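This report concerns only the one structure given below.
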Amino acid sequence: MMPSRSKAGDARSELDRSERLKRELAEFVTKGPLKEIFQTQQRIYFELSDPADEHEAENMLDWFLFDWFDDTGETVMGHFLASNPDIDGVDCEILRSWEDSINSVFELTSVGKNSLKLKDLDSEDTFEVITSVSLDRTPFKRGQYVAARLLSLNERFIFSGLQFIMADRESALEALQMRQALEELDSPEALDKARQEQCNAFCEYFGCTELSIPSRELNHKLQEFQDYIFTKRRDPETGMTAADMFQEKFGRELKVAEMPPPPESIRSVGEVTILCDEFEGLVLLPDYNRFKRVFEAARPDREVPDWQALVWNYIENPDIPIVAFERLAEKHPQQVEKVLRTLLKEKDFSIEHLYALLLHYKEPVEGFDDLKDDQRLWDAFSGNGNSFIDPDPKPRASSKGKAKPKAKATGKSERSASVGAGRAGGSKKSAKPKAVAKPRSKAAAGAKSSARKSARAVSSKRTSAKKR
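Number 194 in the numbering used here belongs to position 193 of the sequence shown; there are no gaps in the numbering.
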């Protein structure tokens with residue numbers, strides 16, 4: 002009897018630990034650093050489709066905790082661990098395992114007192130799930146089908162969120178197909194395709210790849226574009242809109258969400274540029290035309306008032322994507338280099354280190370206090386190749402001498418750089434779309450893609466160094 006009691010005690014301890022961790026995660030996203038992002042996602046979640054029942058809020062929280070990730074691919078667990086560097090090692094291991102939760106439809110093959118066995122209808126894998134309540138007080142019965150999320154807990158699993166009992170096997174298979182369809186929409190390939198279609202649609206609707214408007218008109222323009230994507234733009238093969246496809250696939254009406262008001266950082270500027278990028282989709286750039294003039298002017302000091310503050314904002318603000326500098330570096334590499342040398346007070350700064358500079362200030366990391374540290378790391382990953390077209394490829398001097406400005410850990414700013422106006426209606430281009438924002442050649446596209454991959458690798462390496 003003693004081993005059995007010990008095993009039961011271990012299970013109880015594991016369940017208590019998992020419940021505590023889930024509570025801490027929920028508090029972290031609803032009251033902590035991710036609160037604003039969670040509230041935005043929650044609003045979109047309920048605007049796109051009417052809540053099915055009173056438990057929908059719990060479903061949404063469960064989705065955010067275990068399926069959401071930010072623009073860099075970081076999960077809620079990753080953010081939580083970064084904010085709690087001294088967390089217990091066992092807790093850390095459990096949380097990392099939860100990044101690979103199993104959200105599927107299962108057949109109940111056996112039911113015990115405090116454990117049950119499930120068979121995944123998709124993979125046919127089996128899982129032992131333990132519970133804190135006696136299962137004779139639940140509606141679970143052998144032979145039923147249940148839609149649920151499972152979290153790993155050592156060699157067994159626990160439930161997360163709500164579980165839904167299906168009426169029969171046919172209903173279970175239909176639910177599984179819907180889950181698979183939704184997962185396909187969130188795959189990296191689907192997101193890349195959606196970004197390209199978004200740019201195509203933008204060019205069709207506005208006739209350009211870069212649109213500058215007064216900030217007061219931004220919400221109206223984005224709402225117009227969103228309505229076009231979902232309710233007016235038709236797939237050239239099927240003739241259906243995105244709303245039609247949603248209705249046909251899921252049997253429910255697609256509700257197009259109203260655009261939330263732009264953040265204060267956008268409302269406070271006179272002009273905003275909406276820019277198409279093949280990697281980022283649509284991005285919002287405050288005062289971008291004035292920013293461009295800095296690098297086009299012969300004498301920025303005379304032609305662009307407060308140009309240094311403007312450029313520093315574009316360097317330091319983590320919500321302004323790298324593409325803002327990228328396009329100018331492709332067109333005016335020498336002028337970009339000249340301006341940055343003046344700004345940094347570093348006569349030997351090379352445009353080859355533009356990405357290193359932007360990562361250094363946009364993502365300040367302990368241990369990389371000097372810009373030279375990031376430059377060396379960048380060289381190690383990129384081979385010190387110039388990603389931009391330089392009409393004067395003379396040898397560059399190495400960075401020596403003067404101390405450079407330290408990276409400033411800026412306070413949390415409102416998300417203002419990228420806008421997801423929604424997915425396009427289909428995967429095919431319209432019959433004759435206008436020019437899409439693309440690099441000037443396949444070689445340029447490859448260079449930019451390679452540079453972006455190096456930037457992601459360097460960013461990941463710096464983050465790992467911080468966590469250690």
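Cβ atoms here follow ideal geometry from the backbone N, Cα and C, with glycine treated the same way. What you are looking at is a predicted structure, and each value in this text was computed from that prediction instead of being measured.
In this structure, Val77 places its C-beta atom within 8 Å of the C-beta atom of Leu35. Residue environment for Gln145: buried (at least 16 other C-beta atoms within 10 angstroms of its C-beta). Nearest to Gln181 by alpha-carbon distance, out of Ile95, Asp123, Lys194 and Glu100, is Asp123.
Rounded to whole angstroms, Arg253 and Val130 show a C-alpha spacing of 33 Å. Here the alpha carbons of Arg217 and Arg268 stand approximately 7 Å from one another. According to DSSP, Phe292 shares a beta bridge with no other residue. For Phe203, the enclosing alpha helix (DSSP H) stretches over residues Pro189 to Phe207. Listed as beta-bridge partners of Val130 by DSSP are Leu117 and Phe158. As computed with DSSP, Cys277 is found in a beta bridge with Leu283. Leu163 is not a Cβ neighbour of Asn318, given a cutoff of 8 Å. C-alpha of Tyr229 to C-alpha of Arg18: approximately 49 Å in a straight line. Between the alpha carbons of Lys233 and Lys194 lies a distance of about 19 Å.
Val305 is classed as buried because its beta carbon has at least 16 other beta carbons within 10 Å across all chains shown. With a 10 Å radius around the Cβ and a threshold of 16 neighbouring Cβ atoms, Val324 comes out buried. A buried status is given to Pro322, since no fewer than 16 other beta-carbon atoms sit within 10 Å of its beta-carbon. If you check the CB distance, Phe350 and His361 do not come in under 8 Å. The residue among Lys114, Thr132, Leu154 and Phe39 with its C-alpha nearest the C-alpha of Cys93 is Leu154. The alpha-carbon separation between Ile166 and Glu37 amounts to approximately 33 Å.
Under the 10 Å beta carbon count, Arg143 is surrounded by fewer than 16 other beta carbons and is classified as exposed. In this structure the segment 254-263 does not touch the segment 288-307; the number of beta carbon pairs closer than 8 Å is below three. If you ignore the 5 residues before and after Arg235, its C-beta comes within less than 6 Å of the C-beta of Thr242, all in its own chain and listed in chain order. Taking the Cα positions, Glu279 is about 9 Å away from Gln199. With contacts defined by Cβ atoms closer than 8 Å, Lys118 and Thr127 form a contacting pair. For Ser213, the closest C-alpha among the options Val273, Phe226, Val30 and Arg21 is that of Val273. Bridge partners of Phe70 according to DSSP: Thr76. The beta carbon of Ala298 sits closer than 8 Å to the beta carbons of Glu304 and Val305 from its chain, once the five residues preceding and following it are set aside; these are given in chain order. For Gly282, the number of other beta carbons within 10 angstroms of its own is at least 16, and it is reported as buried.
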